[in-house]
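Residue numbering for the sequence shown follows our numbering, starting at 73 and increasing by one per position. Comments concern the structure below.
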Amino acid sequence: MNITCIGIDYNKEDIDFRSRVAFTESKYSIVYSRFKEHENILSVVILATCNRTEFYIHYKEDKEIESEAYEIIKDSFGLEHEDIDRFYFHKSELALLHIFKVASGLESMVLGEDQILSQVKLAQSRAMELNCTDRVLNKIFSEAIACAKEVKSRTQISQNKLSISSIAVELIENEVGGLVGKKALVVGIGEMSKLAVKNLCSKGISLIYLANRNLQKCQQIQQECKEVELIEFSQRYDVLSEVDAIISSTAAPHVIFDYDKFLLNSKNRKIIAVDMAVPRDIDDVIGSLENVKLYNVDYFKLVSQQNASLRLKLVEDAIEIIREYVNKLITWIEEGSIHNLLSMVDNYTDKHVTENATSVMYKLELGDSLNRTEVTEYALNVTNKTLKKIVLKLKTMPIEKSKQYASMLEELLG
73 MNITCIGIDY NKEDIDFRSR VAFTESKYSI VYSRFKEHEN ILSVVILATC NRTEFYIHYK
133 EDKEIESEAY EIIKDSFGLE HEDIDRFYFH KSELALLHIF KVASGLESMV LGEDQILSQV
193 KLAQSRAMEL NCTDRVLNKI FSEAIACAKE VKSRTQISQN KLSISSIAVE LIENEVGGLV
253 GKKALVVGIG EMSKLAVKNL CSKGISLIYL ANRNLQKCQQ IQQECKEVEL IEFSQRYDVL
313 SEVDAIISST AAPHVIFDYD KFLLNSKNRK IIAVDMAVPR DIDDVIGSLE NVKLYNVDYF
373 KLVSQQNASL RLKLVEDAIE IIREYVNKLI TWIEEGSIHN LLSMVDNYTD KHVTENATSV
433 MYKLELGDSL NRTEVTEYAL NVTNKTLKKI VLKLKTMPIE KSKQYASMLE ELLG
(Lines of atoms letter the chains of each structure in order from A; the text may use other names.)
(Lines give C-alpha, C1' and ligand atoms only; values in the text may rest on other atoms or scores of the structure.)
Protein backbone atom coordinates (compact mmCIF):
# COMPACT_ATOMS: atom_id res chain seq x y z
CA MET A 73 0.00 0.00 0.00
CA ASN A 74 1.66 3.19 -1.19
CA ILE A 75 0.61 5.56 1.63
CA THR A 76 2.99 7.22 4.06
CA CYS A 77 2.76 9.77 6.88
CA ILE A 78 5.70 11.97 7.88
CA GLY A 79 5.27 14.17 10.93
CA ILE A 80 6.16 15.65 14.29
CA ASP A 81 3.92 16.23 17.30
CA TYR A 82 3.99 17.35 20.92
CA ASN A 83 5.03 13.85 22.05
CA LYS A 84 8.17 13.85 19.91
CA GLU A 85 9.30 17.48 19.87
CA ASP A 86 9.01 20.59 22.03
CA ILE A 87 7.39 23.85 21.01
CA ASP A 88 10.66 25.37 19.75
CA PHE A 89 11.19 22.79 17.01
CA ARG A 90 7.47 22.55 16.21
CA SER A 91 7.50 26.30 15.64
CA ARG A 92 10.11 25.85 12.92
CA VAL A 93 7.71 23.63 10.97
CA ALA A 94 4.59 25.75 11.54
CA PHE A 95 2.42 26.91 8.65
CA THR A 96 1.11 30.31 7.63
CA GLU A 97 -1.55 30.61 4.91
CA SER A 98 1.04 31.58 2.29
CA LYS A 99 3.29 28.68 3.33
CA TYR A 100 0.63 26.11 2.43
CA SER A 101 0.59 27.00 -1.26
CA ILE A 102 4.39 27.02 -1.44
CA VAL A 103 4.85 23.60 0.16
CA TYR A 104 1.92 22.01 -1.69
CA SER A 105 3.30 23.21 -5.04
CA ARG A 106 6.67 21.59 -4.27
CA PHE A 107 4.99 18.26 -3.56
CA LYS A 108 2.93 18.53 -6.75
CA GLU A 109 6.10 18.97 -8.81
CA HIS A 110 7.49 15.58 -7.69
CA GLU A 111 6.94 12.96 -10.39
CA ASN A 112 6.42 10.04 -7.98
CA ILE A 113 3.97 11.78 -5.63
CA LEU A 114 0.32 11.35 -6.61
CA SER A 115 -1.26 13.44 -3.87
CA VAL A 116 -0.62 14.97 -0.45
CA VAL A 117 -2.64 16.34 2.48
CA ILE A 118 -0.98 18.52 5.13
CA LEU A 119 -2.40 18.53 8.65
CA ALA A 120 -0.91 21.39 10.70
CA THR A 121 -2.09 22.37 14.20
CA CYS A 122 -0.40 23.87 17.25
CA ASN A 123 0.48 20.35 18.40
CA ARG A 124 1.41 18.58 15.16
CA THR A 125 2.55 18.97 11.58
CA GLU A 126 1.93 15.93 9.37
CA PHE A 127 2.23 15.14 5.67
CA TYR A 128 0.05 12.32 4.30
CA ILE A 129 1.40 11.19 0.93
CA HIS A 130 0.00 8.86 -1.76
CA TYR A 131 2.78 7.86 -4.13
CA LYS A 132 3.39 5.60 -7.12
CA GLU A 133 3.72 1.85 -6.64
CA ASP A 134 7.18 0.35 -6.09
CA LYS A 135 8.72 3.71 -5.14
CA GLU A 136 10.50 4.65 -1.91
CA ILE A 137 9.39 8.20 -1.26
CA GLU A 138 10.27 9.00 2.38
CA SER A 139 13.76 10.47 1.87
CA GLU A 140 12.67 12.49 -1.17
CA ALA A 141 9.59 13.79 0.66
CA TYR A 142 11.76 14.79 3.61
CA GLU A 143 14.00 16.77 1.25
CA ILE A 144 10.94 18.82 0.25
CA ILE A 145 10.10 19.43 3.91
CA LYS A 146 13.72 20.23 4.78
CA ASP A 147 14.11 22.76 1.97
CA SER A 148 10.72 24.34 2.68
CA PHE A 149 11.48 25.05 6.34
CA GLY A 150 15.26 25.46 6.33
CA LEU A 151 15.95 22.29 8.32
CA GLU A 152 19.15 20.26 8.46
CA HIS A 153 19.53 16.75 7.03
CA GLU A 154 20.03 15.27 10.51
CA ASP A 155 16.67 16.73 11.60
CA ILE A 156 15.08 13.79 9.76
CA ASP A 157 15.49 11.81 12.99
CA ARG A 158 13.11 14.21 14.70
CA PHE A 159 10.22 13.10 12.47
CA TYR A 160 8.16 9.92 12.65
CA PHE A 161 7.44 7.89 9.52
CA HIS A 162 4.35 5.68 9.27
CA LYS A 163 3.79 3.52 6.18
CA SER A 164 0.81 1.63 4.79
CA GLU A 165 -1.53 0.33 7.50
CA LEU A 166 0.31 2.23 10.24
CA ALA A 167 -0.28 5.48 8.34
CA LEU A 168 -4.00 4.70 8.11
CA LEU A 169 -4.24 3.82 11.79
CA HIS A 170 -2.45 7.04 12.66
CA ILE A 171 -4.79 9.43 10.83
CA PHE A 172 -7.84 7.58 12.19
CA LYS A 173 -6.50 7.89 15.75
CA VAL A 174 -5.61 11.55 15.19
CA ALA A 175 -9.08 12.39 13.84
CA SER A 176 -10.72 10.59 16.77
CA GLY A 177 -8.74 12.61 19.30
CA LEU A 178 -6.72 9.63 20.57
CA GLU A 179 -3.40 11.30 19.69
CA SER A 180 -4.39 14.72 21.03
CA MET A 181 -2.71 16.39 23.97
CA VAL A 182 -6.14 16.41 25.62
CA LEU A 183 -7.55 12.96 24.94
CA GLY A 184 -10.81 12.95 22.98
CA GLU A 185 -10.86 16.70 22.26
CA ASP A 186 -13.18 17.79 19.48
CA GLN A 187 -11.18 20.54 17.80
CA ILE A 188 -8.87 18.13 15.94
CA LEU A 189 -11.80 16.77 13.91
CA SER A 190 -12.56 20.20 12.41
CA GLN A 191 -8.82 20.62 11.74
CA VAL A 192 -8.73 17.29 9.84
CA LYS A 193 -11.73 18.42 7.77
CA LEU A 194 -9.99 21.73 7.04
CA ALA A 195 -6.79 19.92 5.99
CA GLN A 196 -8.70 17.82 3.47
CA SER A 197 -10.67 20.75 2.06
CA ARG A 198 -7.53 22.89 1.72
CA ALA A 199 -5.76 20.11 -0.22
CA MET A 200 -8.81 19.74 -2.46
CA GLU A 201 -8.94 23.49 -3.13
CA LEU A 202 -5.27 23.45 -4.15
CA ASN A 203 -5.89 20.37 -6.32
CA CYS A 204 -3.33 18.35 -4.38
CA THR A 205 -5.39 15.34 -3.29
CA ASP A 206 -6.93 12.39 -5.16
CA ARG A 207 -9.62 9.72 -4.71
CA VAL A 208 -7.39 7.61 -2.44
CA LEU A 209 -6.46 10.32 0.08
CA ASN A 210 -9.98 11.76 -0.14
CA LYS A 211 -11.38 8.34 0.74
CA ILE A 212 -8.90 7.94 3.61
CA PHE A 213 -9.72 11.32 5.13
CA SER A 214 -13.47 10.98 4.60
CA GLU A 215 -13.46 7.58 6.30
CA ALA A 216 -11.27 8.91 9.15
CA ILE A 217 -13.80 11.71 9.73
CA ALA A 218 -16.75 9.27 9.65
CA CYS A 219 -14.92 6.93 12.02
CA ALA A 220 -14.13 9.78 14.44
CA LYS A 221 -17.82 10.68 14.62
CA GLU A 222 -18.73 7.06 15.38
CA VAL A 223 -15.99 6.80 18.01
CA LYS A 224 -17.32 9.88 19.79
CA SER A 225 -20.92 8.67 19.51
CA ARG A 226 -20.34 5.10 20.69
CA THR A 227 -17.69 5.67 23.37
CA GLN A 228 -18.77 9.13 24.60
CA ILE A 229 -15.05 9.88 24.85
CA SER A 230 -15.67 13.58 24.19
CA GLN A 231 -17.83 13.80 27.31
CA ASN A 232 -14.93 12.55 29.37
CA LYS A 233 -12.37 15.08 28.24
CA LEU A 234 -11.40 18.68 28.81
CA SER A 235 -10.48 20.83 25.86
CA ILE A 236 -7.25 22.82 26.04
CA SER A 237 -9.38 25.96 26.22
CA SER A 238 -11.43 24.69 29.15
CA ILE A 239 -8.29 23.51 30.95
CA ALA A 240 -6.80 26.97 30.43
CA VAL A 241 -9.90 28.67 31.86
CA GLU A 242 -10.01 26.28 34.82
CA LEU A 243 -6.32 26.97 35.46
CA ILE A 244 -6.94 30.74 35.41
CA GLU A 245 -9.99 30.37 37.66
CA ASN A 246 -7.94 28.48 40.26
CA GLU A 247 -5.01 30.88 40.07
CA VAL A 248 -7.06 34.07 40.52
CA GLY A 249 -9.49 32.68 43.08
CA GLY A 250 -12.61 32.63 40.92
CA LEU A 251 -13.58 34.62 37.84
CA VAL A 252 -16.52 36.63 39.17
CA GLY A 253 -15.58 40.30 38.99
CA LYS A 254 -12.38 39.56 37.04
CA LYS A 255 -11.21 40.80 33.63
CA ALA A 256 -9.36 38.97 30.85
CA LEU A 257 -7.74 39.74 27.52
CA VAL A 258 -8.22 37.20 24.71
CA VAL A 259 -6.19 37.68 21.52
CA GLY A 260 -7.16 35.88 18.30
CA ILE A 261 -10.46 34.53 17.04
CA GLY A 262 -9.60 30.95 16.13
CA GLU A 263 -11.48 27.95 17.48
CA MET A 264 -9.52 27.78 20.74
CA SER A 265 -10.03 31.51 21.40
CA LYS A 266 -13.79 31.22 20.80
CA LEU A 267 -14.02 28.28 23.19
CA ALA A 268 -11.98 30.17 25.77
CA VAL A 269 -14.31 33.19 25.55
CA LYS A 270 -17.39 30.98 26.01
CA ASN A 271 -15.80 29.16 28.95
CA LEU A 272 -14.81 32.43 30.61
CA CYS A 273 -18.35 33.78 30.21
CA SER A 274 -19.88 30.62 31.66
CA LYS A 275 -17.68 31.06 34.76
CA GLY A 276 -19.07 34.53 35.49
CA ILE A 277 -16.22 36.79 34.37
CA SER A 278 -17.17 40.47 34.32
CA LEU A 279 -15.29 41.64 31.20
CA ILE A 280 -13.36 40.13 28.30
CA TYR A 281 -11.32 42.36 26.01
CA LEU A 282 -11.20 40.57 22.65
CA ALA A 283 -8.44 41.76 20.31
CA ASN A 284 -8.01 40.76 16.71
CA ARG A 285 -6.65 42.26 13.50
CA ASN A 286 -10.06 41.86 11.86
CA LEU A 287 -12.82 42.88 14.29
CA GLN A 288 -15.58 41.89 11.88
CA LYS A 289 -14.70 38.25 12.60
CA CYS A 290 -15.37 38.90 16.30
CA GLN A 291 -18.91 40.25 16.00
CA GLN A 292 -20.63 36.85 16.23
CA ILE A 293 -18.93 35.89 19.50
CA GLN A 294 -19.69 39.39 20.88
CA GLN A 295 -23.38 38.81 20.18
CA GLU A 296 -23.24 35.47 21.99
CA CYS A 297 -21.35 36.80 25.03
CA LYS A 298 -22.40 40.17 26.46
CA GLU A 299 -19.21 40.34 28.55
CA VAL A 300 -17.08 40.77 25.39
CA GLU A 301 -15.70 44.18 24.47
CA LEU A 302 -13.91 44.40 21.13
CA ILE A 303 -10.62 46.28 20.91
CA GLU A 304 -8.16 46.86 18.09
CA PHE A 305 -5.19 44.52 17.90
CA SER A 306 -2.92 47.54 18.45
CA GLN A 307 -4.61 48.19 21.81
CA ARG A 308 -3.59 44.84 23.31
CA TYR A 309 -0.88 46.43 25.47
CA ASP A 310 -3.15 49.26 26.64
CA VAL A 311 -5.37 46.99 28.75
CA LEU A 312 -2.63 44.95 30.45
CA SER A 313 -2.79 47.04 33.61
CA GLU A 314 -6.51 46.17 33.96
CA VAL A 315 -6.68 42.43 33.30
CA ASP A 316 -6.14 39.44 35.55
CA ALA A 317 -5.51 36.98 32.73
CA ILE A 318 -4.42 36.73 29.10
CA ILE A 319 -5.24 33.97 26.64
CA SER A 320 -3.48 34.32 23.30
CA SER A 321 -3.93 32.05 20.28
CA THR A 322 -3.06 33.61 16.93
CA ALA A 323 -1.38 32.40 13.75
CA ALA A 324 1.31 35.10 13.90
CA PRO A 325 4.75 33.86 12.81
CA HIS A 326 6.43 35.84 15.64
CA VAL A 327 5.69 36.93 19.22
CA ILE A 328 2.94 39.55 19.59
CA PHE A 329 3.77 40.33 23.22
CA ASP A 330 7.41 41.33 23.66
CA TYR A 331 9.11 41.68 27.03
CA ASP A 332 9.82 45.43 27.11
CA LYS A 333 6.33 46.57 26.08
CA PHE A 334 4.71 44.03 28.39
CA LEU A 335 6.81 45.19 31.34
CA LEU A 336 6.05 48.85 30.62
CA ASN A 337 2.28 48.45 30.20
CA SER A 338 1.45 45.79 32.79
CA LYS A 339 2.67 48.04 35.61
CA ASN A 340 3.57 45.08 37.82
CA ARG A 341 -0.02 43.79 37.81
CA LYS A 342 -0.42 40.14 38.74
CA ILE A 343 -1.32 38.34 35.51
CA ILE A 344 -1.91 34.72 34.52
CA ALA A 345 -0.86 34.38 30.88
CA VAL A 346 -1.78 31.38 28.74
CA ASP A 347 -0.07 31.09 25.35
CA MET A 348 -1.87 28.52 23.17
CA ALA A 349 -0.09 29.46 19.94
CA VAL A 350 2.63 27.73 17.93
CA PRO A 351 4.91 29.56 17.29
CA ARG A 352 4.66 31.41 20.62
CA ASP A 353 2.58 34.56 20.89
CA ILE A 354 4.10 35.61 24.22
CA ASP A 355 7.84 36.12 24.65
CA ASP A 356 9.02 33.32 26.92
CA VAL A 357 11.09 35.78 28.99
CA ILE A 358 7.84 37.42 30.19
CA GLY A 359 7.36 34.34 32.37
CA SER A 360 10.36 35.44 34.43
CA LEU A 361 8.53 38.56 35.67
CA GLU A 362 7.71 38.31 39.36
CA ASN A 363 3.99 38.99 38.97
CA VAL A 364 3.43 36.92 35.84
CA LYS A 365 2.75 33.19 35.55
CA LEU A 366 3.12 32.03 31.94
CA TYR A 367 1.85 28.71 30.59
CA ASN A 368 2.34 27.48 27.01
CA VAL A 369 0.73 24.57 25.14
CA ASP A 370 3.31 22.05 26.33
CA TYR A 371 2.03 22.51 29.90
CA PHE A 372 -1.18 20.77 28.87
CA LYS A 373 0.74 17.63 27.94
CA LEU A 374 1.10 16.86 31.64
CA VAL A 375 -2.60 17.45 32.27
CA SER A 376 -3.43 15.11 29.41
CA GLN A 377 -1.20 12.37 30.82
CA GLN A 378 -2.84 12.68 34.24
CA ASN A 379 -6.29 12.25 32.71
CA ALA A 380 -5.35 9.48 30.28
CA SER A 381 -5.50 6.58 32.75
CA LEU A 382 -9.09 7.48 33.60
CA ARG A 383 -10.14 6.89 30.00
CA LEU A 384 -8.08 3.81 29.12
CA LYS A 385 -11.15 1.58 28.62
CA LEU A 386 -12.73 4.16 26.31
CA VAL A 387 -9.55 4.22 24.24
CA GLU A 388 -9.58 0.43 23.89
CA ASP A 389 -13.18 0.59 22.65
CA ALA A 390 -12.25 3.36 20.22
CA ILE A 391 -9.33 1.34 18.82
CA GLU A 392 -11.69 -1.56 18.04
CA ILE A 393 -13.93 0.77 16.02
CA ILE A 394 -10.92 2.26 14.24
CA ARG A 395 -9.60 -1.18 13.26
CA GLU A 396 -12.96 -2.09 11.72
CA TYR A 397 -12.83 1.02 9.55
CA VAL A 398 -9.17 0.58 8.64
CA ASN A 399 -9.62 -3.06 7.62
CA LYS A 400 -12.48 -2.12 5.27
CA LEU A 401 -10.42 0.75 3.88
CA ILE A 402 -7.42 -1.50 3.21
CA THR A 403 -9.68 -3.86 1.23
CA TRP A 404 -11.05 -0.90 -0.75
CA ILE A 405 -7.56 0.37 -1.58
CA GLU A 406 -6.24 -3.05 -2.60
CA GLU A 407 -9.32 -3.89 -4.66
CA GLY A 408 -8.95 -0.50 -6.29
CA SER A 409 -5.45 -1.37 -7.45
CA ILE A 410 -6.78 -4.63 -8.97
CA HIS A 411 -9.58 -2.74 -10.75
CA ASN A 412 -7.03 -0.30 -12.13
CA LEU A 413 -5.00 -3.22 -13.44
CA LEU A 414 -8.04 -4.83 -15.08
CA SER A 415 -8.83 -1.52 -16.75
CA MET A 416 -5.26 -1.45 -18.04
CA VAL A 417 -5.70 -5.00 -19.41
CA ASP A 418 -8.97 -4.00 -21.14
CA ASN A 419 -7.38 -0.96 -22.74
CA TYR A 420 -4.36 -2.99 -23.80
CA THR A 421 -6.39 -5.77 -25.43
CA ASP A 422 -8.89 -3.40 -27.07
CA LYS A 423 -6.10 -1.41 -28.65
CA HIS A 424 -4.10 -4.36 -29.92
CA VAL A 425 -7.05 -6.47 -31.06
CA THR A 426 -8.55 -3.55 -32.99
CA GLU A 427 -5.23 -2.74 -34.64
CA ASN A 428 -4.56 -6.35 -35.63
CA ALA A 429 -8.12 -7.01 -36.80
CA THR A 430 -8.03 -3.91 -38.99
CA SER A 431 -4.66 -4.92 -40.41
CA VAL A 432 -5.87 -8.44 -41.24
CA MET A 433 -9.05 -7.19 -42.87
CA TYR A 434 -7.20 -4.82 -45.14
CA LYS A 435 -4.80 -7.59 -46.14
CA LEU A 436 -7.73 -9.87 -46.93
CA GLU A 437 -9.61 -6.99 -48.59
CA LEU A 438 -12.82 -7.67 -46.64
CA GLY A 439 -15.35 -5.37 -48.32
CA ASP A 440 -17.19 -2.51 -46.72
CA SER A 441 -16.89 -0.83 -43.30
CA LEU A 442 -19.88 -2.79 -41.92
CA ASN A 443 -18.00 -6.05 -42.41
CA ARG A 444 -14.89 -4.55 -40.82
CA THR A 445 -16.92 -3.40 -37.79
CA GLU A 446 -18.51 -6.82 -37.39
CA VAL A 447 -15.16 -8.59 -37.61
CA THR A 448 -13.60 -6.20 -35.04
CA GLU A 449 -16.52 -6.70 -32.64
CA TYR A 450 -16.24 -10.46 -33.06
CA ALA A 451 -12.50 -10.37 -32.33
CA LEU A 452 -13.03 -8.25 -29.23
CA ASN A 453 -15.80 -10.56 -28.05
CA VAL A 454 -13.56 -13.61 -28.38
CA THR A 455 -10.76 -11.81 -26.52
CA ASN A 456 -13.05 -10.70 -23.69
CA LYS A 457 -14.34 -14.24 -23.23
CA THR A 458 -10.75 -15.46 -23.06
CA LEU A 459 -9.85 -12.81 -20.47
CA LYS A 460 -12.97 -13.39 -18.38
CA LYS A 461 -11.40 -16.36 -16.59
CA ILE A 462 -8.31 -14.29 -15.72
CA VAL A 463 -10.47 -11.44 -14.41
CA LEU A 464 -12.58 -13.74 -12.23
CA LYS A 465 -9.49 -15.44 -10.84
CA LEU A 466 -7.89 -12.10 -9.90
CA LYS A 467 -11.06 -10.88 -8.21
CA THR A 468 -11.65 -14.02 -6.14
CA MET A 469 -8.14 -15.08 -5.11
CA PRO A 470 -6.60 -13.85 -1.80
CA ILE A 471 -5.40 -10.25 -1.94
CA GLU A 472 -1.71 -11.05 -1.40
CA LYS A 473 -1.69 -13.62 -4.19
CA SER A 474 -3.63 -11.38 -6.57
CA LYS A 475 -1.16 -8.56 -5.87
CA GLN A 476 1.71 -10.81 -6.97
CA TYR A 477 0.01 -11.62 -10.26
CA ALA A 478 -1.04 -8.01 -10.68
CA SER A 479 2.56 -6.89 -10.28
CA MET A 480 3.69 -9.32 -12.99
CA LEU A 481 0.90 -8.22 -15.35
CA GLU A 482 1.71 -4.55 -14.83
CA GLU A 483 5.33 -5.26 -15.73
CA LEU A 484 4.30 -7.21 -18.84
CA LEU A 485 1.82 -4.58 -20.00
CA GLY A 486 3.98 -1.61 -19.11
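For every residue, glycine included, the Cβ atom is placed at its ideal position computed from N, Cα and C.
Per DSSP, N368 is one residue of the beta strand (DSSP E) stretching across 364-368. Taking the Cβ atoms as the reference, I319 lies roughly 7 Å from S265, within the contact range of under 8 Å. Within the same chain, V346 come within 6 Å of Y367 by CB-CB distance, once the 5 residues on both sides are set aside. I78 sits buried, since 16 or more C-beta atoms from the chains shown fall within 10 Å of its C-beta.
Out of T76, I118, N340, the CA that lies nearest to the CA of E133 is found in T76. With the rule of 3 Cβ pairs closer than 8 Å, the stretch 348-356 does not count as touching the stretch 282-290.
Rounded to the nearest whole angstrom, the C-alpha separation of K333 and Y309 is 7 Å. Bounds of any beta strand (DSSP E) do not take in I229, whose DSSP letter is neither H nor E. Taken in chain order, the complete alpha helix (DSSP H) segments of 4 residues or longer contained in the stretch 319-343 are 331-338.
CA-CA distance, I118 to I277, rounds to 38 Å. Counting along the chain, E97 sits inside no beta strand (DSSP E); it lies in the alpha helix (DSSP H) bounded by residues 97-108. Excluding sequence positions up to five before and after L312, its CB lies within less than 6 Å of the CB of N337, S338, all in the same chain and listed in chain order. With a cut-off of 8 Å on Cβ pairs, the stretch 133-145 is not in contact with the stretch 223-232, counting fewer than three such pairs. Residue range 160-163 is occupied by the beta strand (DSSP E) that includes H162. Just so you know, the alpha carbons of F213 and T125 end up roughly 16 Å apart. In this structure, the alpha-carbon of L279 lies about 41 Å from that of M200. For the pair S237 and A256, the CB atoms are not nearer than the 7 Å cut-off. The three-state reading of DSSP puts R90 in helix, counting H, G and I together. In the displayed model, G79 falls within a strand according to three-state DSSP. Nearest Cα to L243 within the set R395, K365, F107, Y100: K365. According to the DSSP assignment, S176 belongs to no beta strand (DSSP E), since it is labelled neither H nor E. With at least 16 other beta carbons inside 10 angstroms of its own, G184 counts as buried. Apart from the 5 residues on each side of it in sequence, A240 sits with its Cβ closer than 7 Å to the Cβ of A268, I319, V346, M348 in its chain, given in chain order.
A residue is called buried when at least 16 other Cβ atoms come within 10 angstroms of its Cβ; T121 meets this threshold and is buried. Residue state for A349 is assigned as coil, using DSSP reduced to three classes. If you check the CB distance, K211 and E245 do not come in under 7 Å.
In terms of Cβ geometry, F172 and A218 do not form a close pair [threshold 7 Å]. Of D316, H326, E263, V259, the smallest CA-CA separation from F305 is found for V259.
In this structure, DSSP gives N210 a helical state, which the three-state scheme calls helix.
In the DSSP assignment, H130 is bridged to I75, S115.
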